[in-house]
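Numbering-wise, the working numbering comes out as the position in the first sequence, counting from 1, plus 1395.
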Amino acid sequence: MVLRLYDTRSRSKRTLKTLVPGEVGIYVCGITPYSPSHIGHARQAIAFDIIVRWLRKSGLIVNHITNFTDIDDKIIRIANEENINFLDVANRNIADYFEVMDLLNVIPADSYPRVTEIIPEIIDMITKLIESGNAYSSPDGVYFEIDTAPEKYGQLTGQTLEMVREGAGGRVSKTGTGKKNHRDFALWKLAKPGEPHWPSPWGDGRPGWHIECSVMSLQHLGEQFDIHGGGSDLMFPHHEAEIFQSECCLNHDPVVQYWIHNGMINVDGEKMSKSLGNFWTIRDAISKVEPLELRYCLINAPYRQPVEFNDVMLDDSSSHYRRLLSAYGEGISKCSKGDWRSSEFLQEAESNFSEGMNDDFNTRVAIVEVQSVVKHLREKLDSNSYDDVSSAVSWLSEFAGDVLGILPSDPIVKEKIKKIESERMQVSNLVTDLLNQRKIARENKDWNKADLIRNQLNEIGVIVEDSPNGPVWKLK
RNA sequence: GCAUGGGUGGCAGAGUAGCUAUGCAGCGGACUGCAAAUCCGCGGACCUGGGUGCAAAUCCCGGCCUGUGCUCCA
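Shown next as structure tokens:
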């Protein structure tokens, strides 16, 4: 089967053909750790997590690199405010990132390079860019000179030099300083008093924002590599700057074969941002729902679309998610996994699922198939046909679990079931007693008393459901 | 202003020419004393004006609305 992905540069879906057959290198721009991670970071990490999972599932050996920009203006500002070292700010937020990503079931990248660990390599690349005539040193730093490679402008956003010249309007004047041209961007910034800095041939300072990614991708993935990803808000200027740097330094065109960008999160129809006050950290969200419910919510739309996020959306997706998990949990507690390939229905579901994923990682289509298998599983559970239950469970484990990452691992599911069992045991006698009383009341058609007992049970956290085979109860 | 996406039922959101998307919500039914859970069924949509086609939500042109980018941003 052929995997097609949407390439921002060509603005079309292209068949994935890797530079080295059977292997794929993917570089994803990570976070600037100046504050605890928000759900936009979660959406991005989950989107690329699933992309990587699917590439692996397709038989490719994946090398996945995600970076941390652990030095920047905002990190410095916060460090100064709190009177601590800038690395303390970065480190605590990186720790937070790893913690929440683990909760969200994001498989770690193969490497997480940090800017502060590759300063010599950055200086090397800047040196090369000066030697090749693409960069120049000025009184306040080193800049990349756009006019040395004008043909590379606007490859991702479609803008031309003229457009920016005109459209920049009032913004042009405030960018000045040592630049020859307002469109040039910084490779090395000389330190102002009190700022963290590293020595360089051009004076003490620190790297500009874009150069790190060119250096890191080169280091880990080579002079040319397959996929470069990131949020759509990074297309300009960050990723276009990377194209200038990498291609001019390495003399390859293109360095990156496929550019893929995830959509933003909207709240009330607008991009989530701190200034609008419509901001959710990951911890905000997972204080309301389980982490995997959040994960489920964030893959409801294909990765390129904006995701509309609010309480209602979160509630909606968690209610379906619970249905999925309860059917799955019931399934694995009743029988071991079988072989889904023995079922025609499940083969069909697999085929639809894979077709969706191969069409630019369409998780929405994939979820529809998951929903349909859950429905199928419910039917089989209700009719006690355990061969079918065990094959459906194995399908879900493979696709909803391994590929989409929305199921907890079986030990955790079983642990949870066990925990619930033991909690049940603790109240079991009391509940049985009350249920007997209720049974008698119901037999006497004393509905008031029966409902009173049900309310009483509800207060101690027990939900009673009357099935055709008598009452079933569970803990909230 | 320029660039680049999008406008599908109450909500979310697939679908690029002919065949029920799907989920949540709603309605009806089964089951129930009621409720819950589960199952079955139903209704309801393709921004607008033209064009091409036997056939258009789907292709082409115009209009309107809207998101994002052009400054740090996942």
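Using N, Cα and C, we set each Cβ at its ideal position, and we do this for glycine too. Please read these numbers as outputs of a predicted model, since none were measured by experiment.
Worksheet item: So, using beta-carbon positions, are Q1640 and H1605 closer together than 8 Å?
Response: yes
Worksheet item: What is the rounded straight-line gap between the Cα of V1873 and the Cα of E1838?
Response: With the chain represented from 1396 up to 1871, any question about residue 1873 goes unanswered, as that position is not in the structure.
Worksheet item: Can you give the Cα-Cα distance for L1720 and S1786, rounded to whole angstroms?
Response: 16 Å
Discussion item. Can you tell me whether Y1691 is helix, strand or coil according to DSSP?
Written reply: helix
Discussion item. Less than 8 Å between the C-beta atoms of V1684 and C1730, yes or no?
Written reply: no
Discussion item. For N1552, report the span of its alpha helix (DSSP H) as first-last.
Written reply: Looking at the sequence provided, one finds Thr at residue 1552 rather than Asn. Neither: T1552 is in no alpha helix (DSSP H) and is coded neither H nor E.
Discussion item. Here's the rule: buried if 16 or more other CB atoms are within 10 angstroms of the residue's CB, otherwise exposed. What is P1602?
Written reply: buried
Worksheet item: Buried or exposed: where does K1574 fall if 16 or more other Cβ atoms within 10 Å of its Cβ makes it buried?
Response: buried
Item to complete: Mark P1863 as exposed unless 16 or more other C-beta atoms lie within 10 angstroms of its C-beta, in which case mark it buried.
Response: exposed
Worksheet entry | Where E1516 falls: helix, strand or coil (DSSP) | helix
Discussion item. By alpha-carbon positions, which one of Y1698, F1748, S1713, P1596 ends up nearest to P1515?
Written reply: P1596
Worksheet item: Going by alpha carbons, who is nearest to H1656 out of E1477, T1427, I1441?
Response: I1441
Worksheet item: Can you tell me whether G1726 is buried or exposed, with buried defined as 16 or more other CB within 10 angstroms of its CB?
Response: buried
Fill in: Residue range of the unbroken alpha helix (DSSP H) whose run includes V1798
No alpha helix (DSSP H) holds V1798; DSSP gives it neither H nor E.
Worksheet entry | Validate contact between the segment 1465-1477 and the segment 1699-1713 using beta carbons, cut 8 Å, 3 pairs | no
Worksheet entry | Inter-residue Cα distance where the pair is E1590 and I1471 | 7 Å
Worksheet item: Within this structure, are the beta carbons of V1397 and T1410 separated by less than 8 Å?
Response: yes
Practice prompt. List in chain order: all unbroken beta strand (DSSP E) runs of 3+ residues lying wholly within the segment 1614-1696.
Written response: 1620-1626, 1651-1657, 1660-1662
Worksheet entry | Cβ pair count under 8 Å reaching 3, the segment 1794-1801 against the segment 1431-1448 | yes
Discussion item. I need the DSSP call for K1452, collapsed to helix, strand or coil.
Written reply: helix
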